[in-house]
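Going down the list, the protein sequences come from chains A and B.
Heads up: the first sequence is residues 4 to 107, going by our numbering.
Heads up: the second sequence is residues 230 to 878, going by our numbering.
A quick write-up on the structure given underneath.
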Amino acid sequence: MNEIGLMHILVISTSLFFIGVYGFLTRRNMISMLMSVELILNAVNLNFVAFNKFLYPGQLSGLFFIIFNIAIAAAEAAVAIAIIINLYRNHRSIDINDATTMKF
Amino acid sequence: MPETIYIALIPLLPILSFLLIALVGRRYFPQICGLLGTLSLLSSFVISAIVAYQYFFVVGKVNGIYKQIIVFKYAWLQFNSNISIDMGLLLDPISVMMISIITFISLMVHIYSLGYMKGDPRISTYYSFLSLFTFSMLGLVLSTNIFQMYIFWELVGVSSFLLIGFYYTKPSAVAASKKAFIVTRFADLGFLIGILILSYYTDSLDFQGIIKKATDPSFIGSLASVSFMGLSVLTWGLVLVFIGGAGKSAMFPLHIWLPDAMEGPTPVSALIHAATMVVAGVYIVARLFPVFTFTCPDALQVVAYVGIFSSLFAALIACTQTDIKRVLAYSTISQIGFMMFALGVSGYGGEQGLGFMASMFHLFTHSIFKALLFLGAGSVIHYVHSNDMKDMGGLRKLMPITHLTFLIACLAIAGVPPFAGFFSKEEILLAAWQSNKLIFYAAIFTATLTAFYVFRLYFQIFWSKTFSAHHDQSDAPEHKHGEAPFSMLLPLIILGLLSIVAGLVPFGHFVSSDGEVLNTELHLGFSIAPVVLGLLGIGLALLFYKKENDKPNRMASALSGFYTGALHKFYIDEIYLFVTRKVIFNLIGRPAAWFDKTVVDGSMNGITSFTTSFSGWIKGIQSGKLQDYTLYFFSGLIGFVLLVIYLWT
Numbered sequence: 004m005n006e007i008g009l010m011h012i013l014v015i016s017t018s019l020f021f022i023g024v025y026g027f028l029t030r031r032n033m034i035s036m037l038m039s040v041e042l043i044l045n046a047v048n049l050n051f052v053a054f055n056k057f058l059y060p061g062q063l064s065g066l067f068f069i070i071f072n073i074a075i076a077a078a079e080a081a082v083a084i085a086i087i088i089n090l091y092r093n094h095r096s097i098d099i100n101d102a103t104t105m106k107f
Numbered sequence: 230m231p232e233t234i235y236i237a238l239i240p241l242l243p244i245l246s247f248l249l250i251a252l253v254g255r256r257y258f259p260q261i262c263g264l265l266g267t268l269s270l271l272s273s274f275v276i277s278a279i280v281a282y283q284y285f286f287v288v289g290k291v292n293g294i295y296k297q298i299i300v301f302k303y304a305w306l307q308f309n310s311n312i313s314i315d316m317g318l319l320l321d322p323i324s325v326m327m328i329s330i331i332t333f334i335s336l337m338v339h340i341y342s343l344g345y346m347k348g349d350p351r352i353s354t355y356y357s358f359l360s361l362f363t364f365s366m367l368g369l370v371l372s373t374n375i376f377q378m379y380i381f382w383e384l385v386g387v388s389s390f391l392l393i394g395f396y397y398t399k400p401s402a403v404a405a406s407k408k409a410f411i412v413t414r415f416a417d418l419g420f421l422i423g424i425l426i427l428s429y430y431t432d433s434l435d436f437q438g439i440i441k442k443a444t445d446p447s448f449i450g451s452l453a454s455v456s457f458m459g460l461s462v463l464t465w466g467l468v469l470v471f472i473g474g475a476g477k478s479a480m481f482p483l484h485i486w487l488p489d490a491m492e493g494p495t496p497v498s499a500l501i502h503a504a505t506m507v508v509a510g511v512y513i514v515a516r517l518f519p520v521f522t523f524t525c526p527d528a529l530q531v532v533a534y535v536g537i538f539s540s541l542f543a544a545l546i547a548c549t550q551t552d553i554k555r556v557l558a559y560s561t562i563s564q565i566g567f568m569m570f571a572l573g574v575s576g577y578g579g580e581q582g583l584g585f586m587a588s589m590f591h592l593f594t595h596s597i598f599k600a601l602l603f604l605g606a607g608s609v610i611h612y613v614h615s616n617d618m619k620d621m622g623g624l625r626k627l628m629p630i631t632h633l634t635f636l637i638a639c640l641a642i643a644g645v646p647p648f649a650g651f652f653s654k655e656e657i658l659l660a661a662w663q664s665n666k667l668i669f670y671a672a673i674f675t676a677t678l679t680a681f682y683v684f685r686l687y688f689q690i691f692w693s694k695t696f697s698a699h700h701d702q703s704d705a706p707e708h709k710h711g712e713a714p715f716s717m718l719l720p721l722i723i724l725g726l727l728s729i730v731a732g733l734v735p736f737g738h739f740v741s742s743d744g745e746v747l748n749t750e751l752h753l754g755f756s757i758a759p760v761v762l763g764l765l766g767i768g769l770a771l772l773f774y775k776k777e778n779d780k781p782n783r784m785a786s787a788l789s790g791f792y793t794g795a796l797h798k799f800y801i802d803e804i805y806l807f808v809t810r811k812v813i814f815n816l817i818g819r820p821a822a823w824f825d826k827t828v829v830d831g832s833m834n835g836i837t838s839f840t841t842s843f844s845g846w847i848k849g850i851q852s853g854k855l856q857d858y859t860l861y862f863f864s865g866l867i868g869f870v871l872l873v874i875y876l877w878t
């Protein structure tokens with residue numbers, strides 16, 4: 004057990020994923036929630052790399068997906084921050100509990 | 230008949246003037262609405278006079294028999310190849326006679342109302358209703374189809390309702406209009422069922438089709454097995470149709486609405502509740518007369534006995550009433566009873582058809598003299614401002630023309646020769662004598678009573694005590710000559726002249742049960758008894774009421790029980806109230822209301838309250854908080870994954 008195998012990486016990525024989910028559900032600050040989302044995305048990226056390396060060595064499909072994911076994460080961050088700024092202008096707050104006007 | 234479509238103008242002109250007055254005229258030119266309605270009706274009358282001339286003297290007679298002519302027919306609603314609701318115009322002797330009478334009386338009433346309703350703020354509404362009524366009545370008599378007649382029948386009912394309730398601020402007028410509408414609607418239910426039975430068995434809605442099929446001997450034979458409670462099914466159909474007619478014609482026991490209908494303006498009473506609408510019941514029996522005589526003589530017996538009973542009953546009540554319009558209303562019931570039993574005792578064709586012809590003849594003369602009586606009464610009421618004969622008396626010097634025309638009408642209705650009523654009443658009595666002695670004796674007694682009560686009315690209004698204008702002393706000099714304006718006198722004079730000469734028309738030459746000429750001769754010997762009894766009635770009235778005295782009171786107390794009964798209209802209204810309030814309301818109305826409130830409303834309310842509380846609960850899920858939604862999403866996802874894993878392994 005002195006070599007880092009697939010199992011180790013999967014445990015790390017699963018922990019990272021649930022830390023992200025926990026953070027997304029509990030943090031009230033929208034920036035923190037955005038960061039949690041990044042954690043979830045990175046957990047996925049980690050999985051891609053690990054599966055590519057251990058299951059299909061010599062292929063690059065997993066790595067290409069990571070490139071896509073990073074690009075999507077960047078775009079998503081831009082959109083999310085734009086939404087947060089707009090919410091801040093309207094509510095003078097970036098607390099998620101203040102943004103409850105879109106119900107029934 | 231070439232170029233016949235102009236006949237359609239007879240009913241169309243009144244409906245056009247109704248639409249014009251009701252939609253435009255009422256707002257923009259209310260002062261000439263009366264004139265407009267009168268002119269359109271004048272044209273309508275002229276056209277129907279031309280039609281009557283054309284029909285009776287030029288084209289109607291083929292080989293000495295008056296034929297039915299269908300001028301125009303349009304299938305409005307086709308159910309199958311035989312049964313359809315048509316809109317059409319049917320000319321035959323009775324419909325031609327009816328359109329002449331209706332347009333003529335309606336014209337008189339229109340002219341009369343120009344004076345009578347002058348100054349009323351709703352005079353344009355009044356004229357629009359009159360036009361609507363005239364249209365519906367003309368449509369009714371010209372119908373080719375029994376269902377078309379039913380449609381116009383209801384239209385007549387609704388215009389009568391509107392006109393009785395014309396003074397809608399008076400609670401009694403509102404109550405009377407509702408009563409009239411409900412009672413006649415109730416009777417029309419019978420009419421509708423009767424129509425359905427007739428059309429089901431004869432496979433036609435056309436009058437001609439029904440009559441042709443129902444008088445076919447093989448058809449009558451085939452129906453013998455279809456019976457209900459001992460009478461054939463067609464008899465039941467006809468009796469039900471007659472119930473509809475009895476409702477409209479105010480026959481016992483559906484007569485209760487007519488006396489109350491006198492709450493309407495007096496010219497309306499003259500037009501609708503004396504001369505035209507109330508004879509619709511007689512008209513429907515006459516229209517289906519071949520079916521009544523050939524197929525269902527039992528139904529005709531019902532007609533005869535209901536007619537004579539109503540006639541006698543109403544005449545007894547009329548002797549005790551003090552409201553002059555109510556006396557006239559009961560007299561109308563009584564006279565319509567005469568027409569009904571005349572139809573009831575009649576046979577078909579030739580000498581047998583004397584009753585039919587007499588009934589139509591009486592309808593004709595009655596509408597003239599009864600309209601005259603009502604219009605005369607209207608002019609008296611216009612002057613005295615009261616309906617009660619106790620407020621009148623001694624008016625003969627103040628209103629000479631009204632007095633004279635009223636006297637003519639009274640002589641006509643009492644059957645004194647040579648006035649109109651004498652001839653028609655003699656024919657009816659003769660027809661009754663030839664077929665049913667019991668009805669004859671009742672009829673002759675009723676005729677005597679008729680003479681008594683109209684002359685009681687006459688003496689109380691125009692003789693008796695001297696008139697004191699106690700209602701308004703200040704304008705007494707202005708009213709010194711209390712005669713009505715010319716527009717009111719003109720119809721009185723015209724109708725008065727007609728009441729003298731109308732009886733001389735050789736009516737049997739024009740209208741008879743089978744279309745052939747029926748020659749009638751006056752049986753002088755036979756006429757002696759009715760005339761003498763009529764004069765006796767008049768003499769009695771003269772003795773009692775010419776001068777104020779206590780004879781009527783002594784007479785009343787001598788007949789105390791009977792007199793009180795008649796004064797209270799034999800408690801028929803009270804019986805109806807008892808039956809409806811105590812029996813129907815308690816046994817049917819209240820349980821139905823309870824069922825509606827608790828069961829029907831309760832289940833509906835339960836559903837709504839459940840929906841409200843359930844939706845209040847689930848709407849809490851949609852909090853608007855992003856993190857709640859995410860939580861649901863993740864728990865759903867996890868649940869889904871667990872489900873897949875569980876099912877997979």
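All residues carry an ideal CB built from backbone N, CA and C; glycine is no exception.
Taken atom to atom, the span from the alpha-carbon of B:ILE553 to that of B:PHE684 is near 12 Å. For B:MET316, the pairing in a beta bridge is given by DSSP as B:TYR303. B:SER588 sits close to B:MET568, with the two beta carbons spaced by under 8 Å. B:ILE637 is positioned such that its CB atom lies closer than 8 Å to that of B:GLY725. Interface with chain A (8 Å Cβ-Cβ cutoff): B:LYS826 is excluded. For B:ILE723, the CB contacts under 7 Å within the same chain, skipping 5 residues up- and downstream, are MET337 in chain order. At the C-beta level, B:VAL508 and B:ILE565 come within 8 Å of one another. Linking B:THR464 to B:VAL470 through their CA atoms gives a straight-line distance of about 10 Å. B:LYS798 has no beta-bridge partner at all, per DSSP. Under the 8 Å criterion on CB atoms, B:GLY845 is classed as non-interfacial with respect to chain A. B:ALA787 and B:PHE773 have their alpha carbons spaced roughly 14 Å apart. Within 7 Å of the CB of A:ASN100, the CB atoms of chain B belong to LYS854, in sequence order along the chain.
The alpha-carbon separation between B:HIS339 and B:THR267 amounts to approximately 6 Å.
With contacts defined by Cβ atoms closer than 8 Å, B:ILE330 and B:LEU500 do not form a contacting pair. Exposed is the label assigned to B:LEU252, since fewer than 16 other Cβ atoms lie within 10 Å of its Cβ. About 47 Å separates the beta carbon of B:THR549 from that of B:ALA237, a gap too long to meet the 8 Å contact definition. In this structure, the alpha-carbon of B:SER324 lies about 6 Å from that of B:VAL370. A:LEU28 has a beta carbon lying within less than 8 Å of a beta carbon in chain B. Residue environment for B:GLU492: buried (at least 16 other C-beta atoms within 10 angstroms of its C-beta).
With fewer than 16 neighbouring CB atoms inside 10 Å of its own CB, B:ARG810 falls in the exposed class. By the neighbour-count criterion, in which a residue is buried when 16 or more other Cβ atoms sit within 10 angstroms of its Cβ, B:ILE239 is buried. Straight-line spacing of the CA atoms in B:THR878 and A:ALA76 works out to 35 Å. Nearest neighbour of B:SER269 by Cα position, chosen from B:GLN283, B:VAL287, B:LEU241, B:ALA281, turns out to be B:LEU241. Leaving aside the five residues that flank B:PRO259 on each side, the residues in its chain whose CB is nearer than 6 Å to its CB run, in chain order, SER353. Residue range 629-643 is occupied by the alpha helix (DSSP H) that includes B:CYS639.
When rounded, the separation of the alpha-carbon atoms in B:LEU418 and B:GLY622 is 44 Å. According to DSSP, residue pairing for B:TYR295 in a beta bridge involves B:LYS290. Per the coordinates, the alpha-carbon of B:VAL385 lies some 6 Å from the alpha-carbon of B:MET366. Within the same chain, Cβ atoms closer than 6 Å to the Cβ of B:GLU745 are found at ILE294, the five residues on either side in sequence being excluded. Counting along the chain, B:VAL531 sits inside the alpha helix (DSSP H) bounded by residues 526-547. For B:GLU712, the secondary structure class from DSSP, reduced to helix, strand or coil, is coil. The alpha-carbon separation between B:VAL730 and B:PRO647 amounts to approximately 8 Å.
In its chain, beyond the 5 residues on either side, VAL325, SER329 have a beta carbon closer than 7 Å to the beta carbon of B:ALA281. At a cut-off of 8 Å between beta carbons, A:VAL47 makes no contact with chain B.
In this structure, DSSP gives B:ASP743 a state outside helix and strand, which the three-state scheme calls coil.
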